[in-house]
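Novice: Take this structure first; my questions come after.
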Amino acid sequence: MRMFAFILVILSMFNVEVGYAKDKPIWGNSCGRETSSQIYNCSWDESRHEWIETYVGWDNWEFAESGRSPEGAARVRQMHEPYRVPVKKTYTIELRELYRAPEQLELATMLGAAHVQRGRRFVGVNVEAGTWPDESKVWPHLGLTYVGTVAKESGYHVTLHDELIQGPVPLEKLVQPGDIVGLSLVTTGIERGVVLAREAKALGAGAVIAGNDSAMFRADQLLRIPDKPIDVIFTSNSLRSLRQFFEDPEGVTSGAVHIDNVATRAGQSPYISNDAHGVALERKAFTAEDFFLIPDLSLFGAEYWDEVWSIYRSQFGHKHPNPGEVRNAIALLAQGCGRAGMGDVCDYCTIRHVANVVIPDEDYLEKTISTYRDFGINTFFNVTDSSFEMGKLAERMQKLGPVDALVLYGRAQAISGRLDLLEKWKGVVNDRLLINCGMDSGSERILQLGINKSGSKVGSRLEENRQAVRNIKAAGPKVHLHFSVIFGSPGETHETCEETLQFVSWAIDTLGEQLDVVEGDIFWVNFGAPCSEIFTSYEATQKRAALAGKTISREDWYEHFGRHADELVVPDSAERAWYTFFTDITIEDAWAYNARVTEMAKGIPGHITGREFAFKPPTLT
Numbered sequence: 008m009r010m011f012a013f014i015l016v017i018l019s020m021f022n023v024e025v026g027y028a029k030d031k032p033i034w035g036n037s038c039g040r041e042t043s044s045q046i047y048n049c050s051w052d053e054s055r056h057e058w059i060e061t062y063v064g065w066d067n068w069e070f071a072e073s074g075r076s077p078e079g080a081a082r083v084r085q086m087h088e089p090y091r092v093p094v095k096k097t098y099t100i101e102l103r104e105l106y107r108a109p110e111q112l113e114l115a116t117m118l119g120a121a122h123v124q125r126g127r128r129f130v131g132v133n134v135e136a137g138t139w140p141d142e143s144k145v146w147p148h149l150g151l152t153y154v155g156t157v158a159k160e161s162g163y164h165v166t167l168h169d170e171l172i173q174g175p176v177p178l179e180k181l182v183q184p185g186d187i188v189g190l191s192l193v194t195t196g197i198e199r200g201v202v203l204a205r206e207a208k209a210l211g212a213g214a215v216i217a218g219n220d221s222a223m224f225r226a227d228q229l230l231r232i233p234d235k236p237i238d239v240i241f242t243s244n245s246l247r248s249l250r251q252f253f254e255d256p257e258g259v260t261s262g263a264v265h266i267d268n269v270a271t272r273a274g275q276s277p278y279i280s281n282d283a284h285g286v287a288l289e290r291k292a293f294t295a296e297d298f299f300l301i302p303d304l305s306l307f308g309a310e311y312w313d314e315v316w317s318i319y320r321s322q323f324g325h326k327h328p329n330p331g332e333v334r335n336a337i338a339l340l341a342q343g344c345g346r347a348g349m350g351d352v353c354d355y356c357t358i359r360h361v362a363n364v365v366i367p368d369e370d371y372l373e374k375t376i377s378t379y380r381d382f383g384i385n386t387f388f389n390v391t392d393s394s395f396e397m398g399k400l401a402e403r404m405q406k407l408g409p410v411d412a413l414v415l416y417g418r419a420q421a422i423s424g425r426l427d428l429l430e431k432w433k434g435v436v437n438d439r440l441l442i443n444c445g446m447d448s449g450s451e452r453i454l455q456l457g458i459n460k461s462g463s464k465v466g467s468r469l470e471e472n473r474q475a476v477r478n479i480k481a482a483g484p485k486v487h488l489h490f491s492v493i494f495g496s497p498g499e500t501h502e503t504c505e506e507t508l509q510f511v512s513w514a515i516d517t518l519g520e521q522l523d524v525v526e527g528d529i530f531w532v533n534f535g536a537p538c539s540e541i542f543t544s545y546e547a548t549q550k551r552a553a554l555a556g557k558t559i560s561r562e563d564w565y566e567h568f569g570r571h572a573d574e575l576v577v578p579d580s581a582e583r584a585w586y587t588f589f590t591d592i593t594i595e596d597a598w599a600y601n602a603r604v605t606e607m608a609k610g611i612p613g614h615i616t617g618r619e620f621a622f623k624p625p626t627l628t
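The sequence shown: position 577 = 584 (the numbering used here), numbered continuously.
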């Protein structure tokens, strides 16, 4: 009681007054300012000490969406409702008259300028555009959780928002002055990411950082934007680099501190493609310390997890013995792609930094699995590329006791030839093992040449696909398959597309209920994939044209590809030109073949739709 009374006496000695800088919103002098396209209108609410803005500009996809669906229109209307504009607050601390010295010394004179310093804050956003169907929203964002965990361990208060699951949110609800704002950027969200970066800066963000595949591959382009909305690009998945950044973000953004794989200006990223050269560099660069940590799953709140689990159950629940009890999450239980170890990468692949095959020790696996189980997770998606062929990982997981369900990536080459691995992975689960495999085509020629899925170029890649299907069937009802095909690879013809449809039909008939998803798509050209060398190399472009029995002039190359080398996303005109110069089908043909796959898949017992458009949502196609 004495201590309590003493504290009250001390507090009573001071006046604390809060002032509001109503003449200068933190938003960045937008109120009342006219531009060529819009007028920003703000008014001061004296009673609430707030600026209220009555018009909000949003990026084009939001407006475009309004004409597509009532739900989209409703969202747009909501986004244009009045909202708060932050204002600068000033704090004045002084002694009360009763306690002032006779000389009337001001407290500011006695103690110096008083500043109220908030704790450091990190706001992470997974940026998405367009409208994705529920079947694309069943897995939470692990990368953002990893970054948030590192920030929290570094002493930051962390807020995360996943636009794929939670939808877009006005940044003023998340960002405060001085915050570090992190943006996860993939192809479908990179242009919106630039918009959000500018909004974050206008709200007073201390720094805007970006990562994920598109940010990595477009680092130079993002850092060349004149008003520099993004300060830092992470050009790798290294956790060490991330920890170093959070130790001294101001030093990094000012240029005083340099960290490997962290770019603050154009030209710092070591390479720009997931090609053989990049793979070779990666195999030398990183160790387990770069990849593995125990994620803090609570960084996304209970409402977020309830949404994820609800959507998953609506799509996949019927495939589980107890649908209402399924709680799913993504985990990184190893690192690497066995294919990258061969020195070649699938032509469409945009997954970077998977070259080093690294399997963590048993202690890490035990702590990770325990953490997930304590959180209630019973269904794991191990996003390690081609982890099926990591037998040592399966053995270590068996020692920890089986999980209810597991999803993992596998290559047809391993599924077809390693029955021992199938048995090992069956031993990891109680109820269900789902293997996700990119089979890509039903044409031997396309598999060998068009996709560059030739590996060691030994044997038939089509027969490997078929044998993989047979092995899944023979493994029994506990084992399921999710496979994908693509229309529009270099050299594609109507004949090869029909061969793919024949393969899909055969797989459906062979697997029955053990086939969960057939995922169709067209060939998307994305920066960072080996195929994107068509934007920088005329010779590489000629080689792909030759696969279709065609030629391309240097003038046509520059007009359709070369002049777009520095754009943030591949323009639609270049995507269409891909089909003109490298295939014997049109992009409309590719869509039509993809639609036929979708129709065929509806006949699968227990059919699950899957993502029709793996790389771009319907509203952006």
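From the three backbone atoms N, C-alpha and C, an ideal C-beta is built for every residue, glycine too.
1. For ASN244, tell me which candidate among CYS504, SER261 and ALA222 has the shortest Cα-Cα distance.
2. Assuming contact is defined by CB atoms lying nearer than 8 angstroms, are ASP227 and SER248 in contact in what I supplied?
3. Classify ILE529: buried if its beta carbon has 16 or more other beta carbons within 10 angstroms, exposed otherwise.
4. Using beta-carbon positions only, say whether PHE253 and LEU304 come within less than 8 angstroms of one another.
5. Counting only runs that start and end within the segment 210–285, where is the alpha helix (DSSP H) found for 4 or more residues in a row?
6. If you measure between the beta carbons of THR195 and GLY258, is that distance less than 8 angstroms?
7. Can LEU167 and LYS144 be called in contact, C-beta distance under 8 angstroms?
8. Based on Cα-Cα distance, which residue from ASN472, PRO184 and PRO330 lies nearest to ARG418?
9. Taking contact to mean 3 or more Cβ pairs, one atom from each stretch, closer than 8 angstroms, check whether the segment 394–403 and the segment 445–457 are in contact.
10. How far does the alpha helix (DSSP H) with ALA421 in it extend, from its first residue to its last?
11. Identify, in the order they occur along the chain, each residue of the same chain with its Cβ nearer than 7 angstroms to the Cβ of VAL532, setting aside the five sequence neighbours on each side.
12. To the nearest whole angstrom, what separates the beta carbons of ALA273 and ARG231, a pair I think is in contact under 8 angstroms?
13. Can you confirm whether the segment 557–568 touches the segment 595–602 when touching is taken to mean that 3 or more C-beta pairs between the two stretches lie within less than 8 angstroms?
14. Report back the beta-carbon spacing between ILE358 and ASN281 to the nearest angstrom; my notes put them in contact at under 8 angstroms.
15. Report buried or exposed for SER321, applying the criterion of at least 16 other Cβ atoms within 10 angstroms of its Cβ.
16. How big is the Cα-Cα spacing for PHE70 and VAL132?
17. Locate the alpha helix (DSSP H) running through GLU582, then write down its first and last residues.
18. Roughly how many angstroms lie between the CA atoms of TYR416 and VAL188, to the nearest whole one?
19. Which of helix, strand or coil does DSSP assign to MET446?
20. Would you list, in sequence order, the uninterrupted alpha helix (DSSP H) runs of no fewer than 4 residues that lie entirely inside the segment 446–509?
21. Counting Cβ pairs, one atom from each stretch, are 3 or more of them under 8 angstroms apart for the segment 197–207 and the segment 337–344?
22. Could you check which residue in LYS374, HIS164 and LEU488 has the C-alpha nearest to that of SER423?
23. Any contact of the segment 547–557 with the segment 508–519, i.e. 3+ C-beta pairs under 8 angstroms?
24. For VAL132, which residues does DSSP report across the bridge?
25. Under a Cβ-count criterion, where at least 16 other Cβ atoms within 10 Å of its own Cβ denotes burial, should PHE186 be classed as buried or exposed?
26. Would PHE542 and HIS571 qualify as a contact pair, given that the criterion is a beta-carbon distance under 8 angstroms?
27. Whose C-beta lies closer than 7 angstroms to the C-beta of SER512 among residues of the same chain, with five residues either side of it excluded?
28. Quick one: what's got a C-beta closer than 7 angstroms to TYR371's C-beta in the same chain, skipping five residues either side?
29. Taking the continuous beta strand (DSSP E) assigned at VAL524, which residues delimit it?
30. So, with DSSP's three-state summary, where would you put THR195?
31. Scan the segment 295–347 and note each continuous alpha helix (DSSP H) run of 4 residues or more that stays entirely inside, going in chain order.
32. Identify, in the order they occur along the chain, each residue of the same chain with its Cβ nearer than 8 angstroms to the Cβ of GLN124, setting aside the five sequence neighbours on each side.
33. In this structure, does DSSP put VAL516 in helix, strand or coil?
34. From which residue to which residue does the alpha helix (DSSP H) around VAL604 run?
35. From the beta carbon of ARG570, is the nearest beta carbon of chain C less than 8 angstroms away?
36. Leaving out the 5 sequence neighbours to the left and right, which residues in its chain are closer than 8 angstroms to LYS431 when beta-carbon positions are compared?
Specialist: So, from the listed chains and residues:
1. ALA222
2. no
3. buried
4. no
5. 220–224, 226–230, 246–254 and 256–261
6. no
7. no
8. ASN472
9. no
10. 419–424
11. CYS538, SER539, VAL577, ALA581, GLU582 and TRP585
12. 5 angstroms
13. no
14. 7 angstroms
15. exposed
16. In this predicted model, PHE70 has a pLDDT of only 36, less than 50, meaning its place in the structure is not dependable enough to derive any value.
17. 579–589
18. 32 angstroms
19. strand
20. 468–481
21. no
22. LEU488
23. no
24. HIS168 and LEU190
25. Reading off the sequence, residue 186 comes out as Asp, not Phe. Buried, since its Cβ has 16 or more Cβ neighbours within 10 Å.
26. yes
27. MET607
28. PHE299
29. 522–529
30. coil
31. 295–298 and 309–323
32. The predicted position of GLN124 is uncertain, since its pLDDT is 36 and thus under 50; no value can be drawn from it.
33. According to the sequence displayed, residue 516 carries Asp and not Val. ASP516 falls in the helix class under three-state DSSP.
34. 594–608
35. Protein chains in the displayed structure number just one, and chain C is not present.
36. GLY398, ALA401, GLU402 and GLN405
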